[in-house]
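A.B. asks: Residue numbers (this note's numbering): 396 to 678. I'd like to ask some things about the structure below.
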């Protein structure tokens with residue numbers, strides 16, 4: 396472990412930065428801390444999935460993927476890997492070119508759909524609605540990625556496209572999700588979770604505009620901003636969803652397939668489940 400996570404950060408001896416505006420040693424230290432948060436959270440969720448309450452693991456599975464990918468992405472960025480030097484068109488006093496970490500966007504391509512899937516399952520919306528939300532999240536992230544790698548001010552057009560996709564996603568989540576959550580009796584939990592998610596997501600366009608978009612703040616400062624947002628979005632949300640899911644009726648949500656497997660066809664027997672697991676989704 397000492398060779399992987401040395402006490403003295405010597406990342407730049409092996410992976411030197413190649414842009415005028417680049418990651419600092421303190422920034423790398425911060426990214427190592429975020430990496431540890433993601434990997435530790437992944438370990439805890441994996442342990443909780445061994446013997447979950449009522450045998451339901453769907454939310455453990457969903458978030459364990461996002462947490463592991465987050466740990467990998469932040470490991471790469473803490474190691475000063477997964478980036479390209481891109482010429483800037485704004486705030487040139489802060490650097491004519493800048494490290495743009497594509498690893499961050501790869502992580503978002505995985506983590507944002509994870510959030511949409513979790514909220515969709517918790518609210519009981521249709522699979523088509525979930526797929527629509529996932530598609531919008533990909534448009535959002537990919538538009539920002541293209542914007543970050545565009546050297547001229549045409550980048551802001553892609554920023555607008557991505558932000559519009561986020562806004563449509565926001566409206567859809569609160570309209571379709573809220574109505575469906577009333578039907579499955581998860582409305583209060585859904586409103587709290589989705590409100591938390593969209594409060595954080597509201598800050599991503601601002602953080603992007605100040606960093607990879609506008610070159611207003613440095614790479615290290617941007618990673619402090621994004622690192623806090625990412626930790627609050629996935630690790631915190633993961634534990635909140637898993638804790639609240641103990642109170643949900645998996646029969647109403649039609650999420651009982653992780654208990655017995657897809658090979659067992661037939662209706663979900665609430666009475667049998669109650670005898671076997673002392674009740675499903677009782678509050």
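The C-beta atom is built at its ideal place from N, Cα and C for all residues, glycine as well.
Per DSSP, what kind of secondary structure is residue 478 in: helix, strand or coil?
C.D. replies: strand
A.B. asks: Would you check if the distance between the CB atom of residue 581 and the CB atom of residue 542 is smaller than 8 Å?
C.D. replies: no
A.B. asks: Reducing DSSP to helix, strand and coil, say where residue 405 ends up.
C.D. replies: When secondary structure is reduced to three states using DSSP, residue 405 falls in the coil class, being assigned neither helix nor strand.
A.B. asks: Which stretch, first to last residue, makes up the beta strand (DSSP E) that contains residue 493?
C.D. replies: 492 to 496
A.B. asks: Where does residue 656 land, buried or exposed, given buried means 16+ other C-beta within 10 angstroms?
C.D. replies: The pLDDT assigned to residue 656 is 49, lower than 50, so where the model puts this residue is not dependable, and the model offers no usable value.
A.B. asks: So for residue 483, helix, strand or coil by DSSP?
C.D. replies: coil
A.B. asks: For residue 443, is the classification buried or exposed, using 16 other Cβ atoms within 10 angstroms of its Cβ as the cut-off for buried?
C.D. replies: The residue in question, residue 443, is buried, as its Cβ has 16 or more Cβ neighbours within 10 Å.
A.B. asks: State yes or no: is the C-beta of residue 514 within less than 8 Å of the C-beta of residue 648?
C.D. replies: no
A.B. asks: Quick one: Cα of residue 414 to Cα of residue 483, how far?
C.D. replies: 11 Å
A.B. asks: Among the candidates 506, 476, 408 and 605, whose CA atom is the shortest distance from the CA of residue 433?
C.D. replies: 506
A.B. asks: Taking a contact to mean a Cβ-Cβ separation below 8 Å, would you say residue 597 touches residue 627 in this structure?
C.D. replies: no
A.B. asks: Starting from the C-beta of residue 621, find all residues in its chain whose C-beta is less than 7 Å away, skip the five residues before and the five after it, and write them out in chain order.
C.D. replies: 499 and 602
A.B. asks: Could you check the C-alpha separation between residue 521 and residue 574 for me, to the nearest Å?
C.D. replies: 12 Å
A.B. asks: For residue 409, is the beta carbon positioned less than 7 Å from some heavy atom of the ligand SAH?
C.D. replies: Annotation note on the ligand SAH: not contained in the displayed structure, which lists no ligands.
A.B. asks: Taking the alpha-carbon positions, what's the residue 501 to residue 468 distance?
C.D. replies: 8 Å
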